[in-house]
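Below: the structure, in C-alpha cells.
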Amino acid sequence: MLAGRRIVLGVTGGIAAYKAVLLCRMLVDSGAHVIPVMTESAQKFVGQATFDALASEPVRTSIFDDVDPIPHTTLGQTADLIVVAPATARCIGSYASGISDDLLTATLVATRAPVVICPAMHTEMWEHAAIQDNLKTLADRGVIVVPAEEGRLAGGDAGAGRLADPESIFETIKNALSGGDLQGKRVLVTAGGTRESIDPVRYVGNRSTGKQGYALAEAALARGADVTLISTVNLEVSAGVEVVSVESAEQMHEAVFQRADSDVIVMAAAVADFRPADVSNAKIKKDAGPPQLVLEQTEDILSALGKAKRPDQVIVGFAAETEELISHAQQKLQRKNVDVIVANDVSAPKVGFGHETNEVTILEANGGQRHVTLRSKRQIADEVLDTVTRMLSK
Numbered sequence: 045m046l047a048g049r050r051i052v053l054g055v056t057g058g059i060a061a062y063k064a065v066l067l068c069r070m071l072v073d074s075g076a077h078v079i080p081v082m083t084e085s086a087q088k089f090v091g092q093a094t095f096d097a098l099a100s101e102p103v104r105t106s107i108f109d110d111v112d113p114i115p116h117t118t119l120g121q122t123a124d125l126i127v128v129a130p131a132t133a134r135c136i137g138s139y140a141s142g143i144s145d146d147l148l149t150a151t152l153v154a155t156r157a158p159v160v161i162c163p164a165m166h167t168e169m170w171e172h173a174a175i176q177d178n179l180k181t182l183a184d185r186g187v188i189v190v191p192a193e194e195g196r197l198a199g200g201d202a203g204a205g206r207l208a209d210p211e212s213i214f215e216t217i218k219n220a221l222s223g224g225d226l227q228g229k230r231v232l233v234t235a236g237g238t239r240e241s242i243d244p245v246r247y248v249g250n251r252s253t254g255k256q257g258y259a260l261a262e263a264a265l266a267r268g269a270d271v272t273l274i275s276t277v278n279l280e281v282s283a284g285v286e287v288v289s290v291e292s293a294e295q296m297h298e299a300v301f302q303r304a305d306s307d308v309i310v311m312a313a314a315v316a317d318f319r320p321a322d323v324s325n326a327k328i329k330k331d332a333g334p335p336q337l338v339l340e341q342t343e344d345i346l347s348a349l350g351k352a353k354r355p356d357q358v359i360v361g362f363a364a365e366t367e368e369l370i371s372h373a374q375q376k377l378q379r380k381n382v383d384v385i386v387a388n389d390v391s392a393p394k395v396g397f398g399h400e401t402n403e404v405t406i407l408e409a410n411g412g413q414r415h416v417t418l419r420s421k422r423q424i425a426d427e428v429l430d431t432v433t434r435m436l437s438k
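Residue numbers for the sequence shown follow our numbering, so the first one is 45 and each next one is one higher.
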C-alpha cells in the first residue's frame, strides 16, 4: 500500500521528536519514499544525521540552502502525503493561519496532498482554547488530526498532550493513502458507560471511560467514513465526528435507533443491564437510611439491532468479561444475532476500562476467531475495522 509513495515527514521541536525516528523507519520498511523536513528547533532534540541515515533522502531544513530554488513547492507538489510528527503549538498555529515562515510550513501551505498532523505538547498547551480552535480549523479544511494521548510528558509530568504512538500514526497514514476503505459509509459508534439515576444526585453506573469507543470513531473517520459517536462521556475527538451526548440506556436506545440505518454500527458502549425501577424526584437524605433499590432490566439495544439487521449492514458488539471469555462471547454472538463480538477480559492487567491499551478476541458469526494481543486502543480499533471492511466487501 505504501510502496513507492512519496511521504514528507515533518519534524518539529518537541521532546517527542525521538518518536519520529521510529515512524521514519516504519515508513521506509513499508516501502515508502520518505523525505524528512526538520525545523531548526527539531534539530535541538534529534540530530539531522539520524534521519539522513534512516530516510530515503537527506534531511531538508531550509528554503534557501537547497539545490532546488523552490524546495517547498517541489515537495508540496510531489508528495503523496505529508505527516507532521510531532506537531508543536507553533507549527499548528502557523499552518492554521497560512503563515509560511520556514520550509515545513511553506511546504504544508504549498501542497494539495493529504496532510496528517500529530500534536504533542504539555497539557496546559494542549487544552488551551487557541490550540483547540486551530486544530478544529485544520480538521474542517480536511487535515487529518491524530489527537494527542494521555501519558508521561516531559519534566516528569503526566496528562493529555502526549504524541500518539507511532504505530497509530502509521495506521492513519496507511488509511489516508488507501483512499479510505470506509469512504461513503455511515458508521455509528457508541462509547462510555450509561448512568441510571437513583435520584437527582446518585446513579448506578460502571467503570467504562469511553476511550475504546472514541478510538473506533477516530479510526473510522481516518478511513473516510461519515461518523456519528453517541457517547456518555466528553473526550477529545476530531471535528469531523458528529457527537451525540446521552446519559442513560433509554436515551442511548433512542439515539441509536434514530440512526439505525447506518452501514456499520459498533456498540462499544457499556450499557447498564439494570436500572432502578423507581427514581426519586428529590435527593434521598442520609437520615432516611439506605434506600432499598429494586432494579429492572434496561433496553437490550444490541439484541434489538440484531433483530432488525439488514443483510448489507455490519453490527459489532462488545463483551467485557471476567471469566470464561470465549464461551460467554460466543453465546452473546449467537444470542444477539450480530456479525461480530469483540471480547476482552477486563480483569486482566492493562486491559479494558480506564486503560490506554486493550487486548481482545474478535469473534465472527461465520465462525472466524482472531486474538489481538495487548496494544493501544487505536490499534485495536483498526483491527476491528479491518474485520468490518472485509465483511462489507463481500
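Even for Gly, the Cβ is constructed at its ideal location relative to N, Cα and C.
{"Check": "If I measure Cβ to Cβ from Pro-102 and keep anything under 6 Å in the same chain, skipping five residues before and after, which residues do I get?", "Outcome": "Asp-96"}
{"Check": "Assign Arg-319 to buried or exposed, taking buried as 16 or more other Cβ atoms, counted over all protein chains shown, within 10 Å of its Cβ.", "Outcome": "buried"}
{"Check": "Buried or exposed: Glu-84, going by 16 or more other Cβ atoms within 10 Å of its Cβ?", "Outcome": "exposed"}
{"Check": "Under three-state DSSP, which class holds Ile-79?", "Outcome": "strand"}
{"Check": "List in chain order: all unbroken alpha helix (DSSP H) runs of 4+ residues lying wholly within the region 63-144.", "Outcome": "92-98, 115-122 and 133-141"}
{"Check": "Inspect the CB distances between the region 322-336 and the region 354-365 and report whether three or more fall short of 8 Å.", "Outcome": "no"}
{"Check": "Curious, which full-length alpha helix (DSSP H) runs of at least 4 residues does the region 200-239 contain?", "Outcome": "210-221"}
{"Check": "How many Å lie between Ala-261 and Asn-402 at the Cα?", "Outcome": "16 Å"}
{"Check": "Who are the Cβ neighbours of Lys-327 in its own chain at under 7 Å, not counting the five residues just before and after it?", "Outcome": "Asp-243, Pro-244 and Val-245"}
{"Check": "Quick one: give me the first and last residue of the alpha helix (DSSP H) that Arg-379 is part of.", "Outcome": "369-380"}
{"Check": "May I ask which residues mark the beginning and end of the beta strand (DSSP E) holding Phe-442?", "Outcome": "Any answer about residue 442 is impossible in this case: the structure gives the chain only from 45 up to 438."}
{"Check": "Please report the straight-line C-alpha distance between Gln-336 and Ala-321, rounded to a whole angstrom.", "Outcome": "11 Å"}
{"Check": "How would you write the range of the beta strand (DSSP E) that Ile-51 sits in, first residue to last?", "Outcome": "50-55"}
{"Check": "State the Cα-Cα distance for the pair Val-127 and Val-190, rounded to the nearest angstrom.", "Outcome": "10 Å"}
{"Check": "To the nearest angstrom, report how far apart Ala-47 and Val-72 are at their CA atoms.", "Outcome": "9 Å"}
{"Check": "Determine whether the beta carbon atoms of Ile-143 and Pro-163 lie at a separation below 8 Å.", "Outcome": "no"}
{"Check": "If you run the structure through DSSP and keep just helix, strand and coil, what is Ser-275?", "Outcome": "strand"}
{"Check": "Could you spell out where the alpha helix (DSSP H) holding Thr-181 opens and where it closes?", "Outcome": "173-184"}
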